[in-house]
Every structure is written in C-alpha cells, then in structure tokens.
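Numbering (the UniProt record's numbering), first residue to last: 1 to 311.
Yeah, the Cβ is synthetic: ideal placement off N, Cα and C, and Gly gets one too.
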C-alpha cells in the first residue's frame, strides 16, 4: 500500500497549496529526500507516522521505500530477508544501515570471544550474572543469562514488534520510541530512562541504532549509540553512551518452546562522581531486576497463548 506524503510547507491559500504540491513532484532530489527524512522524525515524535510503508517516487528512480513501523519480517527465510534488505533506501540513511551491521558483528564477537567472570552474589539457579572488561571501551560489560518457557519467535515478535510497550514491564524505561525503520532489520530508536534515587541520578536518554539477524534457529538483536539531527543532547537529560551490546535468543536443544536468553549490557551512563566498581554493581543489580520483570512478562504472555490455544 502506498501513501502519498505532503513534503511541502503548509500554505494559507488553497490555490497556492495545489500549485506547490504539483511542483513538488518535479523537484524530487537529494535535498528533498533529506527534508523528508527530517520530517519523518518530527512526525514520529508526534506519533503521527503512518502504520503502513510510504513510497516516494521521482522521475529518475523506480521508487524509494521507507519502512515506517513495519511489522518485523522474522518469519521469512534468509534469502527473502536479503532481498528485502537490498531494496533502495535514501543515500543519507546508508551510514546508519552500515553502522547497524557493524554493531551486530561486534556483538557477535563479544558473545563468541569473551571470558566471563561469574558474579556469584547476584547469581542463582534462575539467572546467571557475570562480568568482563572490554579493552576497546575500557568499561565493564555485564552478562545476564536465563532460560524461559517461551519460544524464540514469540519472544522476538513481542519485543521487536511492540518495542514502544517495553516500559510496561521494564520500569527503568520512561519512554521508548521507534523513530525510523530503515529496513526490516535495522531501525533507529530513542529511549528515555527514569531518574534514580529520587532524582539524585538524573534521567538519561539514548539514541541507538538496532540491527537483528538469524543465527541458526536463534535470533540476535544488537544495538549501539548513534546520532540523529533532530535528537541532539539537551539539558533535560544526560545522554548515555551504549557500546555494541544486545540480546541473543537461542532455542534450547530438544525443546524449541524453551529459550536461552543472553543479554550483554555495555553502557557508559556518565556517572563520573561514582567509583567504577560501584557503578558496575549498580548496573548488574538493575539489569538482574529488569530480567526478572522480563521473565514475569513472558510468563504472562505464555499463559495468554496457552489460553488462546485451549479455546
């Protein structure tokens, strides 16, 4: 379904409006695409983005497809995903797509090559917590691991397709906005975290690029900080920095209805006045509490699915 976007500034006279809309189709160029990208952000932040894909066509190309809040294509084959990924996007967005892919590869390397040191005081039979020093960032990464009775596909669909609803179960999040779906596998995200300690630690915000892909029968979702012209740092929040990190959803051998969740937290919250060991323990504790909430959320989801199957 194609939706025509009004890319011109509003005018007061109806005749002027018609004239400008007509001439807009003759002036589709890189400058207009840049304007369109910036306008899309404004619409997103006002919750006015279309739920369907919007196609903008000019006289020199077959069309440029933007995926606004498009349902994730996680049920298609790898070859189909690669075909979707090959669809043309504005040249201004290509660096974001490339950053998403690099972030994904960095996250995979962290999962494959890191030796984790158990944090026994925070670990139990349900959730394992560990840490490791990252030489590139100079930060301590925190690794969480748990098994849930929900399939990989259901977990991924719930998180990716309903990301704006994450604050309902993750009470550290004040707001989550999907700013732009660049491709079916790559998106721009904006998060706002609640202040902590009655405002002693001020609210943080994050602008992140996200990228997901299939790994065997599992799915990895990676993300890292990026920038966006209309989401500059402000005095209202402290801009946190997240380095390549993410989630791995891996089916348990012999039982596809069980999933091993691996979560790596690799963030600099810019708390210069607090010693690093205290920050690391603080992040690990908050992360563990978040994973407990996520487990509860998934258990509720599992019960709802079970009831639907029984109807």
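Our two residues, residue 117 and residue 280, have alpha carbons roughly 13 Å apart in a direct line. When rounded, the separation of the alpha-carbon atoms in residue 101 and residue 223 is 10 Å.
If the five residues before and after residue 248 are omitted, its C-beta is found closer than 7 Å to the C-beta atoms of 111, 218, 220 and 262, all from its own chain and listed in chain order. Secondary structure of residue 163 (DSSP, three-state): helix. A Cβ-Cβ separation of about 6 Å places residue 294 in contact with residue 169 under the 8 Å criterion.
Note on geometry: alpha-carbon atoms of residue 304 and residue 260 lie some 21 Å from one another.
Annotation: residue 251 to residue 214 spans about 12 Å, alpha carbon to alpha carbon. At a Cβ-Cβ threshold of 9 Å, residue 143 and residue 264 count as neighbours. For residue 245, there is no enclosing alpha helix (DSSP H); the enclosing beta strand (DSSP E) has its first and last residue at 245 to 252.
Here residue 131 carries a strand assignment [DSSP, helix/strand/coil]. At least 9 Å separates the beta-carbon of residue 127 from that of residue 114.
Comparing alpha carbon positions, the residue from 183, 193, 197 and 93 closest to residue 227 is 93.
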